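If you read the sequence shown in our numbering, its first letter stands for residue 28, the second for the next number, and so on.
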Amino acid sequence: MREFYYRSAQPALGQFPGHHRSRRGDAGHEYRGHVPITHASDARRLDLLASLRDPLGQWLVRLASERKAIPVYAVADLSASMGYTGARRRLDVLADFTESLAWSAWRTGDPFGFVGCDERVRPDWVQPPVRSRGAGSALARRLRALAPTGRSAAGLADAHRMLQRQRSMAFLLSDFHLPLDELDRVLDSLSMHELVPVLLWDRAEFEPPPARTGLAALRDAETGRRRLLWLRPALRTRWIERIEARQEALEQLFRRHRLRPLKLLDGFDAEAVTAHFHR
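Shown next as structure tokens:
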């Protein structure tokens, strides 16, 4: 199983010991400041030099922040478009990411949860945060066997109701083909958490058919509607322009929410995920 290494950009607010930096506790290894001995819970950390320099003549105790755990969630789009198959089936890529995330969270000491949505939040795809070595493997098997039928990903806007009130790290996994105003509401609803949008894309879905294709039968992956198009050169040019405009609009939306998306092309790459958090 491929492991990747994520980290929180903000101090963890949890109570349980873990891997992430925090501003809590006073018996860790990261210096945070001094407090008078009357306000300290551990007088063994008395700092004699700081006490001698204190203009008020107080006895001062060093505080050192402890490392804490944070809940980690995968919030997944399970609409019909996630069944797209290019270089790989998109749901298989989602399964790979989910399995690796659950394993990485367990190795880091963080609880892992999962929320799956299509037109609504799917109760059968909601897993509360657990500290279990095999939590991701069971989910991955179910995802690989899933035949998605949802006609939209509107349920993502309600996914925040399934997350803990404590600030968590949430990986939003989707092809992000939903309308921009709808996506804007989803990002707003998850803004209290540390959100990482993960774009599960395939190069084949953005490349127009060859210039000499002629008549082409196209199918909308979400609704299943079919349409015949004559792929004349002008239409092919417009196709490319629309794709570029859509991707630029997505980038602007993420920048407005101060998010840095992670793009995975043609499959899951654990090293690319690690690099996203360490650059």
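Where a beta carbon is used, it is the ideal one built from N, C-alpha and C, also for glycine.
Given the structure is predicted, the values throughout are model-derived calculations rather than measurements.
Under the criterion of beta carbons closer than 8 Å, Leu286 and Leu222 qualify as touching, at roughly 6 Å.
Residue pairing by DSSP places Thr112 opposite Arg116 in a beta bridge. Burial state of Thr125 is buried, judged by a 10 Å Cβ sphere holding 16 or more other Cβ atoms. The C-beta of Asp151 has fewer than 16 other C-beta atoms within 10 Å across all chains shown, which makes the residue exposed. Annotated three-state conformation of Glu221 is strand, per DSSP.
Within its own chain, the residues whose Cβ lies closer than 7 Å to the Cβ of Gly60, once the five positions on either side in sequence are excluded, are Leu90, listed in chain order.
Taken in chain order, the whole beta strand (DSSP E) runs of length 3 or more contained in the stretch 33-96 are 44-47, 57-63, 87-92. With a minimum length of 3 residues, the unbroken runs of beta strand (DSSP E) contained wholly in the stretch 237-305 fall at 242-246, 253-257, 289-292.
Under DSSP, Asp104 shares a beta bridge with Cys144.
If you ignore the 5 residues before and after Leu207, its C-beta comes within less than 7 Å of the C-beta of Ala276, Leu280, all in its own chain and listed in chain order.
For Ala114 against Asp293, the beta-carbon gap comes to about 4 Å, under 8 Å, which counts as contact. Residue environment: Trp257 is assigned as exposed (fewer than 16 neighbouring CB atoms within 10 Å of its CB, all protein chains considered). Cβ neighbours of Gly177 within its own chain (closer than 7 Å, five residues either side excluded): Leu105, Ser106, Ala107, Asp145, Glu146. Measuring C-alpha to C-alpha distances from Val88 to each of Lys95, Ile97, Arg94, Ser78 identifies Ser78 as the nearest.
Given a length threshold of 4 residues, each whole run of the alpha helix (DSSP H) inside the stretch 167-231 is given here in chain order: 207-216. Annotated as distal: Arg149 and Gly140, with beta-carbon spacing of 8 Å or more. Note: Phe139 is bridge-paired with Val99, Val157 in the DSSP secondary-structure output. In the assembly as shown, Ala165 is an exposed residue. Its beta-carbon has fewer than 16 other beta-carbons within 10 Å. Per DSSP, reduced to three states, the secondary structure at Arg29 is coil, with no helix or strand assignment. For Lys95, the closest of Met109, Leu289, His56, Ala129 by C-alpha to C-alpha distance is His56. Under the 10 Å beta carbon count, Pro156 is surrounded by 16 or more other beta carbons and is classified as buried.
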